[in-house]
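Since the structure comes first, as structure tokens, the remarks are kept for the end.
In our numbering, the protein residues as written are 137 to 278.
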């Protein structure tokens with residue numbers, strides 16, 4: 137007596153076991169959930185600041201002409217994501233401006249920071265002939 141499964145050797149299985157596929161999908165989902173906070177875009181900013189509201193769309197600027205100055209609420213400075221004091225920022229900006237007259241100083245200052253720290257950056261730039269500035273603000277609510 138022959139068994140039913142041996143009657144035709146060319147019988148194909150019409151069932152697909154999707155359990156391994158679902159296992160793989162869940163593993164990938166868990167990996168992306170774990171990694172996603174580290175992928176958070178900071179747009180090359182080193183300080184976590186609360187920017188003041190306002191501003192509109194900015195004009196296109198060549199990234200090689202921009203030097204980013206960030207000011208924390210405690211009055212700490214950084215230039216291009218490197219912590220520096222005010223004198224170091226001045227030396228670097230003056231040297232960069234001598235080689236690139238199209239230098240633009242992009243300033244990111246926390247809305248709860250002290251104004252004197254912001255004015256110190258503006259003053260050192262103006263004393264050295266650097267007059268092009270860009271301000272970072274959070275988008276205004278509509």
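C-beta atoms are modelled at their ideal positions from N, C-alpha and C, and glycine is treated no differently. Computed from a prediction, not measured in an experiment: that's the story for all the values here.
Based on DSSP bridge pairs, tell me the residues matched to residue i.
{"i": "residue 218", "result": "215"}
{"i": "residue 207", "result": "213, 245"}
Can you tell me whether residue i is buried or exposed? The criterion is at least 16 other CB atoms within 10 Å of its CB, across all chains shown.
{"i": "residue 263", "result": "exposed"}
{"i": "residue 245", "result": "buried"}
{"i": "residue 172", "result": "exposed"}
{"i": "residue 203", "result": "buried"}
{"i": "residue 208", "result": "buried"}
{"i": "residue 225", "result": "buried"}
{"i": "residue 215", "result": "buried"}
Take residue i and list the residues in its own chain whose beta-carbon comes closer than 7 Å to its own, dropping the five residues that flank it on each side.
{"i": "residue 200", "result": "none"}
Compare the C-alpha of residue i against each of the options and name the closest.
{"i": "residue 254", "options": "206, 236, 226, 232", "result": "206"}
{"i": "residue 234", "options": "265, 247, 251, 269", "result": "265"}
{"i": "residue 230", "options": "257, 271, 247, 249", "result": "257"}
{"i": "residue 239", "options": "224, 251, 197, 214", "result": "197"}
{"i": "residue 237", "options": "160, 269, 152", "result": "269"}
{"i": "residue 210", "options": "228, 184, 170, 242", "result": "184"}
Segments assigned alpha helix (DSSP H), at least 4 residues, entirely inside the stretch 226–275: Counting whole runs of 4 or more residues, the stretch 226–275 contains the alpha helix (DSSP H) stretches 251–263.
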